[in-house]
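**Student:** Count along the sequence shown from 1, add 4, and you get the number used in this note's numbering.
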Amino acid sequence: MGAPPHRPHHQAKAQHAVCAIVTVSDTRTPESDASGVCIRALLEEGGHRILSYAILPDDPGRIRAHLEELFGVPGLDAVIVDGGTGLAPRDTTYEAVTGLLEKRLDGFGELFRMLSYQQVGSAAMLSRAVAGVARGKIVVSLPGAPAAVELAMQKLLLPELGHMVHLVRG
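1. For Asp86, name the three-state secondary structure that DSSP assigns.
2. DSSP state of Ala92, grouped into three classes?
3. In the structure shown, what three-state DSSP assignment does Gly103 receive?
4. Out of Val83, Arg94, Arg139, Gln123, state which residue places its alpha-carbon closest to the alpha-carbon of Ser145.
5. Excluding the 5 residues preceding and the 5 following Gly40 in the sequence, name in chain order all residues of the same chain whose CB lies nearer than 6 Å to its CB.
6. Give a yes or no on whether the C-beta atoms belonging to Val22 and Asp95 are separated by under 8 Å.
7. Return the CA-CA distance between Pro34 and Val124, expressed in angstroms with no decimal places.
8. Tell me the DSSP secondary structure of Gly136 in three-state form.
9. With a Cβ-Cβ cutoff of 8 Å, do Arg66 and Leu104 count as a contact?
10. Scan the segment 39 to 76 and note each continuous alpha helix (DSSP H) run of 4 residues or more that stays entirely inside, going in chain order.
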């Protein structure tokens, strides 16, 4: 049983998003950031525009400060963060992001873990992927593994991002 087709109004009101990509990692560089490259390529392929790209260390204060700065950028619709969602001591992206969310989209994390379970089994429960809205911006926090990023982008975010933008813009 597959997903039901989108309703006609859903497609008619979908909009292209202006996005920022934030990779959280103590080790990645622009040359080695496969997840950031994947996010960029898939967004652009979907007709969305990239306004900003940054790599930040696993430091919750720096993550929060950068997100707050992005929330003030006029015309920015969505911030996609990858990395730092696991259980290691340096994985603090979840805490930084959820502390800023005004509305949580709990279904995102639930569906991501369900889809991940189909690929990696019980290890899916180790992901703290989350999404929501903060200061009028869509915020999505993904694991840093390229396969997880591709799964979330292809199966969840890209099919709904334009509609999410429409809903958040009002």
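For every residue, glycine included, the Cβ atom is placed at its ideal position computed from N, Cα and C.
The structure presented is a predicted model; accordingly, all values stated were derived computationally and were not measured.
**Tutor:** Considering the structure as presented:
1. In this structure, Asp86 counts as strand in the three-state DSSP scheme.
2. Three-state DSSP puts Ala92 in coil, outside helix and strand.
3. Here Gly103 sits in coil by DSSP.
4. Sorting Val83, Arg94, Arg139, Gln123 by C-alpha distance to the C-alpha of Ser145 places Val83 at the top.
5. Closer than 6 Å at the Cβ level, and outside the excluded window around Gly40, lie Ile25, Thr27.
6. Result no, Cβ atoms of Val22 and Asp95 do not sit closer than 8 Å.
7. Rounded to the nearest angstrom, the two C-alpha atoms are 27 Å apart.
8. The DSSP-derived three-state label of Gly136 is strand.
9. One thing to note: Arg66 has its Cβ no nearer than 8 Å to the Cβ of Leu104.
10. Entirely contained in the segment 39 to 76, the alpha helix (DSSP H) runs reaching 4 residues are, in chain order, 64 to 75.
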